[in-house]
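Enquirer: Under my numbering, the sequence shown is numbered contiguously, ending at residue 1175.
Beta carbons are placed, not taken as given, at the ideal position from N, Cα and C, and that holds for glycine.
Here the structure is a predicted model, which is why all the values come from computation and not from measurement.
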Amino acid sequence: MGRVARFAVSIDEKLLEKFDQYIEKKGYVSRSEAVRDLIRNALIEESIGEDREVFGTITIVYDHHQKELAEKITDIEHGYLKNIISTMHIHIDHNHCLETIAVRGKASVIKELADKIITLKGVKHGKLVVTGIEP
1041 MGRVARFAVS IDEKLLEKFD QYIEKKGYVS RSEAVRDLIR NALIEESIGE DREVFGTITI
1101 VYDHHQKELA EKITDIEHGY LKNIISTMHI HIDHNHCLET IAVRGKASVI KELADKIITL
1161 KGVKHGKLVV TGIEP
C-alpha cells in the first residue's frame, strides 16, 4: 500500500447512522477500513467490463436429470481450460447438483464463460463472483 491520504466526506446523519450499524455488524474496527473495502469492491466490480485479470467463482445449481446438461457444462468448461483453476461438484439431493468453478483470466472472458453456463436450460440458479488484485 502507498502513502495514506485523508479526505473528508459530507454525509446525511441518517445515512451515517446506518453506515455505523453496518460497520458494527460486519466487525470493522474503523470507518476508514469500511470505506476502503467499499471503494475496493466498487473498483473491482467496475472492472468486470474491462480486460483486466480477475479471479472468482461461477456457482450453479442445476437439475442433473436435465437431458445432456452435465455434458454441455463439461464441453463448455473444456473450451476454457486455461481459465478454469478447479471445479467442485456437490450432490444436493436426488435431483439437484451444485457446481462451483474457480476461474481466472480477463474479465470479459470470465463473464463470457459464466454467461454460457448460467444460461443453459436446466440451470436453476447461477452467479458469477469476481475479485481482483488492486492495480
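(1) Considering only residues of the stretch 1136-1167, which uninterrupted alpha helix (DSSP H) runs meet the minimum length of 4 residues and lie entirely inside it, listed in chain order?
(2) Between L1168 and N1123, how many whole angstroms is the CB-CB distance? I'm expecting something under 8 angstroms.
(3) State the CB to CB distance for the pair V1163 and I1100, rounded to an integer number of angstroms; the pair is presumed to be in contact (CB under 8 angstroms).
(4) Here's a check: name, in chain order, each residue in its chain whose Cβ is nearer than 8 angstroms to the Cβ of D1077, leaving out the five neighbours to either side.
(5) Beta-carbon separation of S1148 and D1103 under 8 angstroms?
(6) When the Cα atoms are used, what is the spatial distance from E1053 to I1098?
(7) When you compare the CB positions of I1130 and I1157, do they come within less than 8 angstroms of one another, or not?
(8) Report the rounded CA-to-CA distance for E1111 versus T1159, giving the unit in angstroms.
Expert: Let's see:
(1) Fully contained in the stretch 1136-1167 are the following alpha helix (DSSP H) runs of length 4 or more, in chain order: 1147-1158.
(2) Approximately 12 angstroms separates the beta-carbon atoms of L1168 and N1123; this is outside 8 angstroms, ruling out the contact.
(3) The C-beta separation of V1163 from I1100 comes to about 5 angstroms, placing the pair in contact by the 8 angstroms criterion.
(4) The beta carbon of D1077 lies closer than 8 angstroms to those of Y1068 in the same chain, with the five residues before and after it left out.
(5) Taking 8 angstroms as the cut-off, the Cβ atoms of S1148 and D1103 do not count as close.
(6) E1053 and I1098 have their C-alpha atoms spaced approximately 38 angstroms apart.
(7) In this structure, I1157 does not lie closer than 8 angstroms to I1130 by Cβ.
(8) Computed Cα separation, rounded: 15 angstroms.
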